[in-house]
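Have a look at the structure below, then the notes.
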Amino acid sequence: MMKRIYHTLLLLFLFLGQYCMAQTEAVFKLALEHGHFYCETTLNGAKAKLMLESGVPGLMMSEAFYEAHKDSLKMEVKESDEKIRYLGGLRHVKYTAQARLRMGDAIFEGPVKITSDDNELKIPIQMLHHPQDNSSIVKIDLGKSQFSVCSRDALLKLTTDASAWNLTYNQFGMPVVTTSLTISAGGYQKTITGKFIADMGNASLLFLNKCNTSVEKLFSDGKISLKDARDKRTGKVVAQGVYAEELTICKRMYENVSVGVSTFKSLEECGFLGLKFFTMPAIFDFDEDKLYLCK
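Numbering follows full-length UniProt numbering, with no gaps: position 27 of the sequence shown is 27.
Pasting the structure below:
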């Protein structure tokens with residue numbers, strides 16, 4: 001009799017533990033494809049494959065997906081002639097909407113841009129919310145190929161021993177962190193301080209913006225030299241880069257890494273922190289404008 005009671009209590013404890021976890025975190029598995037991370041989930045019940053992003057101005061939705069699922073999406077759309085440039089291409093927005101959609105066990109709330117010339121769906125992490133308290137807290141753990149949308153109650157436990165950084169946003173709504181960058185290359189070491197965009201759509205560790213004055217000074221005396229990256233077919237220089245024996249950014253140190261350098265005239269930040277930076281856990285608290293980097 002006692003064994004049966006004990007067994008019942010154990011099952012109840014395990015069930016409650018799983019239930020409480022479900023209440024504090026909505027977890028999504030990620031798959032890496034062509035240098036980007038995707039999750040398969042649902043939008044208002046419709047099956048959807050979404051690319052993880054932070055540099056788009058809303059949920060980017062293909063016209064084909066919208067037409068196939070508009071009855072379940074229940075969005076009030078308006079015609080648009082807007083054009084948006086992202087991932088190296090100019091996209092034509094046919095319809096726009098302001099929506100609150102159920103995304104798996106989480107909530108998306110914000111602008112929806114329905115495009116006529118892009119077959120993918122892209123979700124900006126800064127517009128995701130927890131269904132219980134509407135918190136906009138997102139944990140990225142690419143080392144485990146997952147991300148989660150967390151409640152405010154879960155944050156304290158998740159950020160134990162984490163370093164906190166202030167978040168701001170640029171004119172495109174992209175999350176930005178101010179930090180120092182130290183690069184050691186070819187026997188020389190240089191440090192700059194500036195703003196870096198947290199870019200979920202960038203496959204690299206770090207990509208620098210040559211238009212930024214501080215970045216320009218890194219290479220102006222030629223001590224740390226840039227190497228050209230050329231298109232294999234045309235021979236045209238498409239980007240430049242530097243091989244760093246050691247690199248430190250946001251107090252995280254990396255060894256023997258390549259850093260891309262290109263010109264981004266529309267941006268004033270020093271560069272981008274890409275996906276390889278987030279292989280260690282990071283938590284974005286978009287309500288309080290904080291980035292927590294976990295050990």
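Positions of the beta carbon are idealized from the N, C-alpha and C atoms, including for glycine.
Here the structure is a predicted model, which means the values were calculated and not measured.
No residue range can be given for Glu76, since it is assigned to no beta strand (DSSP E) and is classified by DSSP as neither H nor E.
Around the Cβ of Thr179, a 10 Å sphere holds 16 or more other Cβ atoms; the residue is buried.
Here the stretch 39-49 does not lie against the stretch 149-156, with fewer than 3 beta-carbon pairs under 8 Å apart. With the rule of 3 Cβ pairs closer than 8 Å, the stretch 245-258 does not count as touching the stretch 138-145.
Ranked by Cα distance from Leu73, the first of Thr182, Arg85 and Ile107 is Ile107. Boundaries for Ser135: no beta strand (DSSP E) harbours it, and the DSSP string shows neither H nor E there. Under the DSSP assignment, Ser262 falls in the beta strand (DSSP E) whose first and last residues are Arg252 to Ser262. The stretch 31-69 contains, as complete beta strand (DSSP E) runs of 3+ residues, the segments 31-33, 36-43, 46-53 and 59-62 (chain order). Closest by C-alpha distance to Met75, out of Thr96, Asn202 and Lys195, is Thr96. Non-local C-beta neighbours of Gly260 in its own chain, meaning closer than 6 Å and more than five positions away in sequence, comprise Ser204, Phe207, Ala239 and Gly241, ordered along the chain.
If you look at Ser180, you'll find it in the beta strand (DSSP E) that goes Pro175 to Ala185. At a Cβ-Cβ threshold of 8 Å, Gly55 and Tyr86 count as neighbours.
The C-alpha of Lys227 lies about 14 Å from the C-alpha of Leu218.
One thing to note: Leu59 has its Cβ no nearer than 8 Å to the Cβ of Trp165. The straight-line gap separating the alpha-carbon atoms of Pro124 and Gln146 is approximately 15 Å. Remark: C-beta atoms of Val176 and Ile192 do not approach each other more closely than 8 Å. The three-state reading of DSSP puts Thr279 in helix, counting H, G and I together. Its chain contains Asp161 as the residues whose beta carbon lies nearer than 6 Å to that of Lys295, once the 5 sequence neighbours on both sides are disregarded; these appear in chain order. Ranked by Cα distance from Gln171, the options Phe37, Leu291 and Ser266 are led by Ser266.
Nearest neighbour of Asp289 by Cα position, chosen from Asp81, Cys150 and Ser136, turns out to be Ser136. Gly104 sits away from Met127, with the two beta carbons spaced by 8 Å or more. A distance below 6 Å between beta-carbons, with the five flanking residues on each side excluded, links Ser262 to the following residues of its chain, in chain order: Ala239. Counting the other CB atoms within 10 Å of its CB gives Ser148 a total of 16 or more, which places it among the buried residues.
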